[in-house]
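Here is the structure we will look at, set down as structure tokens.
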Amino acid sequence: MAAAGTLINGPVSDGGLNLTAAGHWIAKHARALEPIVEDAARSNAAVRRVVIDVSKVDDFDTYGVWLVERTMRIWRSRGAETEIVGLSEADGRLFAKVQSGVQKLTPLPRRSNSIMATLESVGRTMGAVWADTLLFSQMAGSLVVASLRVLVKPHSFRFTSMVNHLERVGWNAVPIILLITLLIGAILAQQGIFHFRTFGADIYVVDMVGVLVLREVGVLIVCIMVAGRSGSAYTAELGSMKMREEVDALQTMGFDPVEVLILPRIAALMITVPILTFLGSMAALYGGGMVAWLYGGIDPQVFLARLHDSISVKSFAVGMIKAPFMAIVIGLVACVEGLQVKGSAESLGAKTTDSVVKSIFLVIVLDGAFAIFFASIGV
Amino acid sequence: MTIATGEPVIRVKDVVVQLGTRKILNGIHLDLLHGEILGFVGASGAGKSVLTRTIVGLLPKREGTIEVLGVDLDTADHEAKQAVDRRWGVMFQQGALFSSLTSGKNVEFPIREYLGLSQKLTTEIAIAKLEMVGLKPDVYRNYPSELSGGMIKRVALARALALDPEILFLDEPTSGLDPISAADFDELIMTLQETLGVSIFMVTHDLDSLHRTCDRIAVLGEGKIVECGTMEKMLASEHPWLKSYFHGVRAHDDWHIPVKG
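Sequences listed follow chains V and R, in order.
In terms of this note's numbering, the first sequence opens at residue 1 and continues consecutively.
In terms of this note's numbering, the second sequence opens at residue 1001 and continues consecutively.
Spelled out as structure tokens, the structure:
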């Protein structure tokens, strides 16, 4: 391909400048042409009349035409007259097309100073938190209404859909939940033995693992896993259905999306999370027991006997009673976020992230609230 | 490597494409001539998109050769292929705009990657492209999710035109547009073809569009090109599918739109 285009300064006469453009004024050479035209405009700032002869140009495309045009505009803005001569008919059409553009963007509103901007963003965040609270309450309300409707007409419950979700969020999650809680139980026991050993209180590791796992860690770990694994899936599914107007389609057919899509999902979670919590707690105790035996030398029979003395059904019940409430929180957040998805793929990603972050946060807040409640009633 | 008017810029020879066990395309011969608008029609599911996607290299072919701007895409090395990629623009049916970028950044994307111009000039070119396709400069700042269907098509066209390509692939450019916007779009494609001298390969079902804009029409049926030629040739054809397509219920025989040429 031939060399880039050139722009040759002709003589200046009577404050008029004659320029001759030649060569290839095309996209490929735009990078080389850009400084050439800028130099020309800068070094001849005072001229009153500019004529560019383009008859020697081999080929033009939008880039070349715009480079000529923007230079002309710079001169025109300084009050000079401009003219282009030697245009072929086809290039003339292209020039006319490009010249008709105005290039004017509406100026953006001015940024206020940084303190105001910070205050504004804090205000907006608070507004968003309030809006979220309203949305969650609204969804909880619609869920109650939908459940009542289903109670009156039990055959309208989407049983098949719920079973499908039971398999996906429950059965399919069992292996990973067992593995993770087993490891967590083992780590707790190892740390307990390591530190308790210094003052000869090895055996208390059984109390610690038992109480911690059954009351707090079992249910928390399971809920965090479920929020990350199933909550995000719910948000993504509902979000892409919302994006493709499937949710709207349901509504126009006279179905309530809450009843058809959300109720079976949350019902599946409410059944699944307690079961997973039970399995997880057992796996964690097993892991703790294994480590206590192999690392701490506490015989399994001793471990079991000590466990029997140190924990009561109450500790177990405290953990289990929290599970369905956690499930509702995870399900609500996931579904609300899913239905907030707007047209773009990016918003789907953002909402899925929000769903996981918010549900894990709320699960921990709720756990704290339960801890205060149980402490005050003395359990 | 300039190609004279009337010479083929794309040569498709004996192309066979198989998806799964089904042969979608079975020996396609087709040329896109320099400076023409070629309309490509066929029943839904006949494989129009398959051929388009095969030419631009998104689908593998079983047999045959495809030559674009004198380069055989099978034997060309990576650099030669990339050089060809810069010389064509593809406008997808749904626009395929990057949803995380504003319209302006969508148009700037190929410019930034390939040309390395200053940010100022890049922005100016992007705005000029948006204005060329009939949009207001302010669209530069809008995200695709904030645009209407017609505007998305226009931005997609602006992005396809970003590098001033020599070949333009348009996949159903007027589908989903109201008749006024569709007519505007036809007009736009014709002006662009006249001003920029691009060769256009257009998949369409829009009979008005075919009448107004296309120099030649190629018809795909049963995996082969059934007929290829001017609108008059299509209207005169005795092929049953062509008859029902061009003289069917949806085709008004009292064409108010003059055939191009």
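Just so it is clear, CB atoms sit at the ideal spot from N, CA and C, and this is done for glycine as well.
Small disclaimer: the values here were computed from a predicted structure and weren't measured.
Could you work out which residue in Trp1088/R, Asp1031/R, Glu1063/R and Asp1074/R is closest to Arg1159/R when comparing CA atoms only?
Taking the first residue of the second sequence as position 1, residue 1159/R is located at position 159. If we check each option's Cα against that of Arg1159/R, Trp1088/R comes out closest.
To the nearest angstrom, how far is it from the Cα of Val1050/R to the Cα of Ile1024/R?
Here residue 1050/R corresponds to residue number 50 of the second sequence, with the count starting at 1. Here residue 1024/R corresponds to residue number 24 of the second sequence, with the count starting at 1. Going from the Cα of Val1050/R to the Cα of Ile1024/R covers about 8 Å.
Name the residues in the segment 1124-1155 of chain R whose C-beta lies less than 8 Å from a C-beta of chain V; which are they?
Glu1124, Ile1125, Ile1127, Ala1128, Lys1129, Glu1131, Met1132, Pro1137, Asp1138, Tyr1140, Arg1141, Tyr1143, Pro1144 and Ser1145
Output the distance between the C-alpha atoms of Gly1108/R and Glu1131/R, rounded to the nearest integer angstrom.
For the purposes of this step, residue 1108/R is taken as the residue at position 108 of the second sequence. For the purposes of this step, residue 1131/R is taken as the residue at position 131 of the second sequence. Here residue 1108/R turns out to be Glu, not Gly, going by the sequence shown. The alpha-carbon atoms of Glu1108/R and Glu1131/R are separated by roughly 14 Å.
By Cβ distance below 6 Å, which residues in the same chain neighbour Ile271/V in space, the five residues on each side in sequence not counted?
Along the first sequence, read from residue 1 onward, the residue named residue 271/V stands at position 271. Nothing meets the Cβ criterion.
Hey, how far is the Cα of Ile177/V from the Cα of Ile1180/R?
Against the first sequence, residue 177/V aligns to sequence position 177. Against the second sequence, residue 1180/R aligns to sequence position 180. Cα to Cα, the separation comes out at about 58 Å.
Within 8 Å of chain R by C-beta, residues of the segment 342-361 of chain V in sequence order:
Lys342, Gly343, Ser344, Ala345, Glu346 and Ser347
Step through the CB atoms of chain V and report whether any lies within less than 8 Å of the CB of Leu1157/R.
Residue mapping note: residue 1157/R aligns to position 157 of the second sequence, counting from 1. So, not an interface residue.
Chain R contact for Arg384/V (CB, 8 Å cutoff)
An answer regarding residue 384/V cannot be provided, because it is not within the stretch 1 to 379 covered by chain V.
Taking the alpha-carbon positions, what's the Val219/V to Pro264/V distance?
Locating residue 219/V in the first sequence gives position 219, where the first residue counts as 1. Locating residue 264/V in the first sequence gives position 264, where the first residue counts as 1. So the two alpha carbons sit approximately 22 Å from each other.
Interface residues of chain V facing Ser1175/R [CB-CB closer than 7 Å]
Position 175 of the second sequence, counted from the start, is the residue given in the question as residue 1175/R. Within 7 Å Cβ-Cβ: nothing; Ser1175/R doesn't reach chain V, min ~17 Å.
Say whether the segment 87-100 of chain V touches the segment 57-68 of chain V, bearing in mind that this needs 3 or more beta-carbon pairs closer than 8 Å, one atom from each stretch.
yes
Would a C-beta distance cut-off of 8 Å place Leu1157/R and Val1133/R closer than the cut-off?
Counting from 1 along the second sequence, the entry for residue 1157/R is found at position 157. Counting from 1 along the second sequence, the entry for residue 1133/R is found at position 133. Against a cut-off of 8 Å, the Cβ pair of Val1133/R and Leu1157/R comes out as a contact.
Residue of Gly343/V, Ala22/V and Ala267/V minimising C-alpha distance to Ser161/V:
Residue mapping note: residue 161/V aligns to position 161 of the first sequence, counting from 1. When only C-alpha atoms are compared, the closest one is Ala267/V.
Could you name the residues of the same chain whose beta carbon sits closer than 6 Å to that of Ala334/V, not counting the 5 residues immediately before and after it, in chain order?
Indexing the first sequence from 1 puts residue 334/V at position 334. Only Gly231, Tyr234, Thr235 and Ser355 meet the Cβ criterion.
According to the Cβ coordinates, are Ile1055/R and Ile1037/R closer than 8 Å?
For the purposes of this step, residue 1055/R is taken as the residue at position 55 of the second sequence. For the purposes of this step, residue 1037/R is taken as the residue at position 37 of the second sequence. Against a cut-off of 8 Å, the Cβ pair of Ile1037/R and Ile1055/R comes out as no contact.
Whose CA, out of Pro324/V, Val379/V, Tyr286/V and Ile330/V, lies closest to the CA of Lys314/V?
Working through the first sequence from its first residue, we reach residue 314/V at position 314. Closest option to Lys314/V, Cα to Cα, is Val379/V.
Just to confirm, is the Cβ distance from Ile221/V to Gly289/V under 8 Å?
By 1-based counting over the first sequence, the position of residue 221/V is 221. By 1-based counting over the first sequence, the position of residue 289/V is 289. No, the Cβ-Cβ distance between Ile221/V and Gly289/V is not below 8 Å.
Identify the contact partners of Arg306/V in chain R, using a Cβ-Cβ distance below 8 Å as the criterion.
Position 306 of the first sequence holds residue 306/V. Under the 8 Å cutoff, chain R gives no residues; its nearest Cβ is about 57 Å from Arg306/V.
Name the chain R residues that come within less than 8 Å of Thr389/V, Cβ to Cβ?
Within the shown structure, residues of chain V are numbered from 1 to 379, placing residue 389/V beyond reach of any answer.
Return helix, strand or coil for His24/V, following the three-state DSSP convention.
Residue 24/V sits at position 24 when you count from the first residue of the first sequence. If DSSP states are grouped into helix, strand and coil, His24/V belongs with the strands.
For Thr1052/R and chain V, any beta-carbon pair shorter than 8 Å?
Walking along the second sequence from the start, residue 1052/R turns up at place 52. With a threshold of 8 Å between beta carbons, Thr1052/R makes no contact with chain V.
Identity of the residue in Glu216/V, Glu337/V, Thr181/V and Arg76/V nearest Thr133/V by Cα:
Counting from one through the first sequence, the residue named residue 133/V turns up at place 133. Checking every option, the nearest Cα to that of Thr133/V belongs to Glu337/V.
If we count the other Cβ atoms within 10 Å of its Cβ and call it buried at 16 or more, is Gln340/V buried or exposed?
What you label residue 340/V is simply residue 340 of the first sequence in a count that begins at 1. The residue is buried, with at least 16 neighbouring Cβ atoms inside 10 Å.
Contacts of Ile26/V in chain R (Cβ-Cβ under 8 Å)
The residue you call residue 26/V lines up with position 26 of the first sequence. Per Cβ cutoff of 8 Å: Asp1164.
Determine whether the beta carbon atoms of Ala1128/R and Val54/V lie at a separation below 8 Å.
What you label residue 1128/R is simply residue 128 of the second sequence in a count that begins at 1. What you label residue 54/V is simply residue 54 of the first sequence in a count that begins at 1. 8 Å or more divides the Cβ of Ala1128/R from the Cβ of Val54/V.
Note down, in chain order, every chain R residue with its Cβ under 7 Å from the Cβ of Glu34/V.
Here the question's residue 34/V lines up with position 34 in the first sequence. Those are Leu1117, Ser1118 and Leu1121, listed as they occur along chain R.
For the segment 40-70 of chain V, which residues have a CB atom closer than 7 Å to at least one CB atom of chain R, in sequence order?
Asp61, Thr62, Tyr63, Trp66 and Arg70
What are the residues that DSSP puts in a beta bridge with Asn1270/R?
The first residue shown for chain R is 1001 and the last is 1261, placing residue 1270/R beyond what the model contains.
Comparing C-alpha positions only, which one of Ile1225/R, Thr1075/R and Arg1216/R sits nearest to Leu1235/R?
Along the second sequence, read from residue 1 onward, the residue named residue 1235/R stands at position 235. If we check each option's Cα against that of Leu1235/R, Arg1216/R comes out closest.
Of the listed residues Ser344/V, Ala186/V and Val258/V, nearest to Ala283/V (C-alpha basis):
As a first step, residue 283/V must be located in the first sequence, where it is residue number 283. The closest CA to that of Ala283/V, considering only Ser344/V, Ala186/V and Val258/V, is found on Ala186/V.
7 Å Cβ cut-off: residues of chain R touching Arg124/V:
Along the first sequence, read from residue 1 onward, the residue named residue 124/V stands at position 124. Near Arg124/V there are no residues of chain R at all, since even the closest Cβ is about 19 Å away, more than 7 Å.
Helix, strand or coil for Gly1070/R, going by three-state DSSP, please let me know.
Against the second sequence, residue 1070/R aligns to sequence position 70. Correct three-state label for Gly1070/R: coil.
Short CB-CB distance (under 8 Å) between Glu339/V and chain R:
Sequence index remark: in the first sequence, residue 339/V carries index 339 (1-based). At residue 339/V the sequence reads Leu, which differs from the Glu that was named. No, because no Cβ of chain R sits closer than 8 Å to the Cβ of Leu339/V.
Is Lys351/V near the ligand COA, judged by its Cβ being under 7 Å from some heavy atom?
No copy of the ligand COA occurs in the structure displayed, which carries no ligand at all.
Give the range of the alpha helix (DSSP H) segment to which Cys223/V is assigned.
Position 223 of the first sequence, counting from 1, holds the residue named residue 223/V. Looking at the DSSP string, the run of the alpha helix (DSSP H) that includes Cys223/V is Gly218 to Val226.
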